[in-house]
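What follows is a single structure, written as structure tokens, with notes after it.
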Amino acid sequence: MGFDWEGSVEHYGDALDALAARLVTMAGILWGRPVETLPRRLYLEILAILRPAEFALRRLIVMAAWKVVPFTEFATANQGSEPEGKAGKAGAMHPVSPLAGEMSQRDRGGDFEQGAMEEIDKPRPFPIFDPWKRYGPPFLTEEQIAALNDPHRVPLPPRPVLDPDEPVPAKTLCRRVRAFANALLNLDHHIDRMARWRARCHLDSTRPRRWWPIRPGVPPGFSERPKTLVGGTLKDCHILALDALNSS
């Protein structure tokens with residue numbers, strides 16, 4: 234008996250639903266109320282949950298696109314016929330959604346009402362690919378490293394203490410929360426997006442910008458011994474997504 238990939242997608246989808254409901258409530262956007270600012274402490278708490286949850290959702294989409302959705306290649310001109318089903322961009326066939334059967338009946342709205350999310354302004358589409366890693370400037374320049382052995386060096390000024398209750402802009406954060414919650418409400422659509430990208434990668438005439446849906450290394454928030462729901466979900470989804478990619 235093989236591994237139950239469909240059951241795993243169902244299980245971790247429910248866990249992410251609970252996280253989405255929590256994030257929407259914490260951000261105060263449950264009823265569509267516009268949020269301009271949030272206290273710094275609350276802003277950082279939401280970000281600490283949202284960022285690893287986004288990476289976990291991308292890996293959940295990879296799991297479903299590789300192991301649940303039947304793989305369908307693009308139709309070529311030599312075949313002389315259209316594939317069954319509705320064709321999308323570049324002649325891609327829409328794969329069968331893994332949520333079309335029993336899984337589609339689950340409550341994907343978490344603990345909040347779906348109608349409340351529909352009243353909110355349409356957020357940006359959820360990115361199904363990991364963002365590129367950012368390699369910024371080094372922490373210390375060569376001159377600063379050489380000055381570390383100087384006994385007469387001037388110490389760096391201490392970092393300012395930030396007020397945890399200071400209001401900070403939260404529009405971008407709330408848009409990310411809404412995009413994350415809406416992606417779970419339309420999970421089958423994003424799985425289809427990933428499946429179509431997978432099919433495009435097998436075309437000789439197509440050179441995708443990316444050859445791998447997740448970036449190398451462990452995602453932000455990954456822990457070998459997670460102590461939170463988001464940490465455990467991210468760890469399991471990351472391991473299963475790598476297994477799905479490497480075994481297909």
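Residue numbers (this note's numbering): 234 to 481.
Glycine included, each C-beta is placed from N, C-alpha and C at the ideal position.
Going by DSSP, what residue range makes up the alpha helix (DSSP H) through Thr374?
For Thr374, there is no enclosing alpha helix (DSSP H), as DSSP marks it with neither H nor E.
Find the nearest neighbour of Val242 within the set Asn479, Asp421, Ser456 and Pro446, judged by alpha-carbon distance.
Asp421
Is the beta carbon of Met296 sitting closer than 8 Å to the one on Leu417?
no
For Asp487, which residues from the same chain have a beta carbon less than 8 Å from its beta carbon, with the 5 sequence-adjacent residues on both sides left out?
Summary: the structure shown does not reach residue 487, with the chain confined to residues 234 through 481, and so no result is reported for it.
Within the same chain, show all residues whose beta-carbon is closer than 6 Å to that of Trp238, passing over the 5 residues directly before and after it, in chain order.
Lys300 and Val301
When the distance is taken between beta carbons, is Gly450 closer than 8 Å to Val463?
Taking 8 Å as the cut-off, the beta carbon of Val463 is found no closer than this to the beta carbon of Gly450.
For Val302, name the three-state secondary structure that DSSP assigns.
Coil, per DSSP.
What are the partner residues of Pro511, as DSSP defines its beta bridges?
Because the chain is modelled from 234 through 481, residue 511 falls outside the range shown and cannot be assessed.
Expressed to the nearest angstrom, what Euclidean distance is found between the alpha-carbon atoms of Glu399 and Pro393?
14 Å
Quick one: complete alpha helix (DSSP H) runs, 4+ long, within the segment 386–462?
404–418 and 420–433, all fully within the segment 386–462.
Could you confirm whether any beta carbon from chain C is found closer than 8 Å to the beta carbon of Thr270?
Included in the structure is just one protein chain, with no chain C present.
DSSP state of Asp237, grouped into three classes?
coil
Please confirm if the segment 244–261 is in contact with the segment 374–394, defined as three or more CB-CB distances below 8 Å between the two stretches.
Segments in contact, no.
Relative to the C-alpha of Ala298, which residue among Asn479, Tyr276, Ile378 and Arg431 is closest?
For Ala298, the nearest C-alpha among the options comes from Arg431.
Consult DSSP for Pro384 and reduce its assignment to one of helix, strand or coil.
coil
Check this for me: beta carbons of Leu277 and Arg409, under 8 Å apart or not?
no
Could you give the distance in angstroms between the alpha-carbon of Cys407 and the alpha-carbon of Asn382?
46 Å
Taking a contact to mean a Cβ-Cβ separation below 8 Å, would you say Ile262 touches Ile424 in this structure?
no
How many angstroms separate the CA atom of His471 from the CA atom of Arg273?
29 Å
In this structure, how does DSSP classify Pro272 when only helix, strand and coil are distinguished?
strand
Going by beta carbon distance, what residues of the same chain come within less than 7 Å of Gly465, once the five residues before and after it are set aside?
Pro459
Exposed or buried, what is Ala260 when buried is set at 16 or more other beta-carbons lying within 10 Å of its beta-carbon?
buried
Compare the Cα-Cα distances from Pro402 to each of Leu275, Ala286 and Glu457 and report the closest residue.
Leu275
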